[in-house]
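Okay, so the sequence shown: first residue is 83 according to the working numbering, each after it adds one. Everything on this sheet refers to the single structure shown next.
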Amino acid sequence: MKYLFFILICLMFVNACKKDEFRVTGSSFVKSFSNDSDVAVINCLPMENGNILIVGQDMNKSKPGYAVKLNDKGKVLWEKRLSSENSCIWKAFLVPGIGFATIGYPVPSQTQMKICSYNTDGQLLATKAINLVSSPTQFSTFDVLQLKNGNFVFAGCSIPDAPPFVYNGYLFITDPTSFNLLYNRVVTDLPNFSGRQFRGICELPNNTIAFTATTTYLGTNVSDSGLINTILLRTRLNGTKLSEKLLIDTGYSVTPNVLLPYKDGMLSITGRMQGFNSGNGVVVNYVNNNSNGQLISGSITLTTLDSVGEVLNRKSLTDYPENGMISSAKPTRDGGFILCGIVNQSNNPSVPSNTQIYLTKLDGNLNQQWTKIIQTPSASYCIDLFQTDDGGYFLGGYQKSLNNRFIMMAIKTDANGNTN
83 MKYLFFILIC LMFVNACKKD EFRVTGSSFV KSFSNDSDVA VINCLPMENG NILIVGQDMN
143 KSKPGYAVKL NDKGKVLWEK RLSSENSCIW KAFLVPGIGF ATIGYPVPSQ TQMKICSYNT
203 DGQLLATKAI NLVSSPTQFS TFDVLQLKNG NFVFAGCSIP DAPPFVYNGY LFITDPTSFN
263 LLYNRVVTDL PNFSGRQFRG ICELPNNTIA FTATTTYLGT NVSDSGLINT ILLRTRLNGT
323 KLSEKLLIDT GYSVTPNVLL PYKDGMLSIT GRMQGFNSGN GVVVNYVNNN SNGQLISGSI
383 TLTTLDSVGE VLNRKSLTDY PENGMISSAK PTRDGGFILC GIVNQSNNPS VPSNTQIYLT
443 KLDGNLNQQW TKIIQTPSAS YCIDLFQTDD GGYFLGGYQK SLNNRFIMMA IKTDANGNTN
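Here's what the structure looks like:
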C-alpha cells in the first residue's frame, strides 16, 4: 500500500512540474501550460492571421496575469506576464486596431479598477483608471461588451465597505480606444432584493443594450427567501435605463451565464436548481467568480425572450453527468450557437468533483446537433471559446491537478467537436 501511495505522489509531482504538454491530431490539438504559480484561463481571443490569445488569472492574486499567443497549429509565439496593474484580472477582450485589453485591479485596498491596453505582442500601451465607490474586492466581476458604435460598456456591482449595505449596479460606458469615461450610470437595488451580479450583455437592433444579472430575494415571503433570481435590465446606448424586470422561475434559483441576440429577441443561458442547495444543483465558485457573485451548477437552461424581455420559452439540456454550467456561448457562421462549460459537478461543494469539459452545438432553432464531453487527466473547466476560420472550435480552460495546481489549457477541435 505504501508503494502505491509513493507512486501517486510521484505522478502528482510530475503533473505539476511539466512545462508543456502538447498533442496534435490532424487539425486539432490539446495543449497545457504549467507555470510558476496557479494560473487559470479567463478568456481566449481570436487575433490577426488566425493567431489565438489566451489570458489567465493568477488564482492567488499574488502575481500579474499570464498571456500566451499561439498560431492556428498550437505553436507558442510568445508567453509573458501582464501588467501588475491587473494583478487580479476580471476579463480580457479585443480592442480592434490596437490589440487587446484587460480589466481588473492591482491591489485590494485601492478604490479604482484599471483597464490595461496591449498591442498584439503583449506590450503594455496604456492604463486607464475608473473610480469605484469602494475597493474592487467588494465588487463582483465586471462584464464587458463592445457596442456597434465602437464604445465599450462595462457592468458590475458594488458591495459597500460600510453601512448602509446597498448593492448598487454600475454601468460604465467608455470611448473605443482610450477608455475615457463617457457615461457613468448607477442602478439601485429592487425592493426586497439584494445584489446585482452581471453575467451577460448584448446589443439589440433597436439601439438598446440588455443586461442579465442575479439578485437574491430577502423579502417577507419566507418560502421564497434566499432564492436567486435573474434581472433583465434594458438601457439606451448611453446607459439610460428603459426597463427592468425579474425573470421569475417559480420555485427555482436561476443564475445567468450568457446573453445573446436571438431572432427578434434574446437568448439567456442559465444555471437552474430547485430551492437553494437542495440536492439537485449547487452554488459554485469557479474561476473569476468571487464570494459575492453567485453561479449555479445544475440544470443548463435555454430561455428565449422577446425584445422587451418577456419570457417566450424555457428548455433544459440533459445530456451530461451530474450538474452542469455554461461559461461561454458564441454564434456560429451557420446561424446556430456553440456552447462550452463544466459538467459532472457534485451536489456537495466541499467534496472535490471530477469536473469535465462540455461542448455542445445548437442549430438556429436551438436544437442540439451534437455534444462532446472532453476527458482530461484531472478535473477540468472550460471557460471560453470561439469558432475558428476552418470551421472548428478553440476552447480555453484549465485543469486542477491532484495536488491542487491550476494548469492553463488550450484545445482545438474540428467542426464536429472532435479532438482526435
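Heads up, the beta-carbon is just placed ideally off N, CA and C, and yes, glycines get one too.
Expected contact under 8 Å - CB spacing of residue i and residue j to nearest Å
| i | j | result |
| --- | --- | --- |
| T312 | T332 | Contact doesn't hold; Cβ gap of about 13 Å is too wide. |
| R278 | T297 | 6 Å |
| Y249 | V268 | So it is not a contact: roughly 11 Å between Cβ atoms. |
| M407 | V366 | 7 Å |
| D120 | R487 | 6 Å |
| M490 | V123 | 5 Å |
| S191 | V215 | Between V215 and S191 the Cβ distance is about 14 Å, and since that is not below 8 Å, they are no contact. |
| G361 | I136 | Contact flag wrong, Cβ pair sits at about 36 Å. |
| S169 | V189 | 7 Å |
Length of the line joining the Cα atoms of residue i and residue j
| i | j | result |
| --- | --- | --- |
| G357 | N430 | 15 Å |
| F300 | N274 | According to the sequence provided, residue 300 is Leu. The question's Phe does not apply to it. Cα to Cα, the separation comes out at about 5 Å. |
| G232 | S462 | 35 Å |
| T386 | L341 | 10 Å |
| I493 | I134 | 11 Å |
| S389 | G204 | 39 Å |
| I439 | N339 | 16 Å |
| C126 | T302 | 43 Å |
| T435 | N131 | It is worth fixing the name first, because residue 435 is Ser in this sequence and not Thr. Rounded to whole angstroms, S435 to N131 spans 38 Å at the Cα level. |
| N500 | S483 | 23 Å |
| L324 | L263 | 21 Å |
| C99 | N117 | Any reading at C99 must be qualified, since the residue scores a pLDDT of 40, below 50, and its modelled position is unreliable; no value is offered. |
| S199 | G147 | 13 Å |
| N405 | P413 | 24 Å |
| F535 | V150 | What the structure shows of the chain is the stretch from 83 to 502, and residue 535 is not part of that stretch, so it cannot be assessed. |
| T193 | N213 | 6 Å |
| T202 | M129 | 8 Å |
| K157 | F476 | 14 Å |
| N502 | N153 | 19 Å |
| E326 | T256 | 23 Å |
| G282 | S409 | 11 Å |
| T73 | N498 | Residue coverage of the chain in this structure runs from 83 to 502, which leaves residue 73 outside it and unanswerable. |
| L39 | R354 | Nothing about residue 39 can be read from this structure; the chain reaches only from 83 to 502. |
| T495 | F111 | 7 Å |
| N288 | P343 | 11 Å |
| G238 | F115 | 30 Å |
| S276 | K143 | 27 Å |
Neighbour-count burial assignment, residue i, 16 or more Cβ in a 10 Å radius
| i | result |
| --- | --- |
| K452 | Note that residue 452 corresponds to Trp in the displayed sequence, not to Lys. Exposed, because fewer than 16 other Cβ atoms sit within 10 Å of the Cβ of W452. |
| L394 | exposed |
| D471 | exposed |
| V425 | buried |
| D466 | buried |
| Q70 | This structure leaves residue 70 out entirely; the chain is present only between 83 and 502. |
| T322 | exposed |
| P218 | buried |
| S307 | exposed |
| L207 | exposed |
| T506 | In the structure as shown, the chain begins at 83 and stops at 502. Residue 506 is therefore absent and cannot be evaluated. |
| K155 | exposed |
| K345 | exposed |
| G446 | exposed |
| F104 | Because F104 sits at a pLDDT of 46, beneath the cut-off of 50, its placement in the model cannot be relied upon, and the following sentence gives the value as read from the coordinates. Counting Cβ neighbours within 10 Å, F104 comes out exposed, since fewer than 16 surround it. |
Residue i vs residue j beta-carbon contact at 9 Å
| i | j | result |
| --- | --- | --- |
| I180 | G138 | no |
| F280 | N266 | no |
| V369 | Q427 | no |
| L329 | G391 | yes |
| S49 | G474 | Only positions 83 to 502 of the chain appear in the structure, and residue 49 is not among them; the question remains open. |
| F175 | K210 | no |
| K173 | Y187 | no |
| T290 | R316 | yes |
| F236 | I185 | yes |
| I456 | P403 | no |
| L441 | C422 | yes |
| L384 | S350 | yes |
| L272 | A292 | no |
| R415 | Q469 | yes |
Residue i beta carbon near the ligand COA (any heavy atom closer than 8 Å)
| i | result |
| --- | --- |
| V364 | As far as ligands go, the structure on display features none, and thus does not contain the ligand COA. |
Any 3 or more C-beta pairs closer than 8 Å across the stretch 217-232 and the stretch 152-166: no
Cβ pair count under 8 Å reaching 3, the stretch 374-385 against the stretch 334-354: yes
Three-pair Cβ contact test at 8 Å for the stretch 445-464 versus the stretch 396-414: yes
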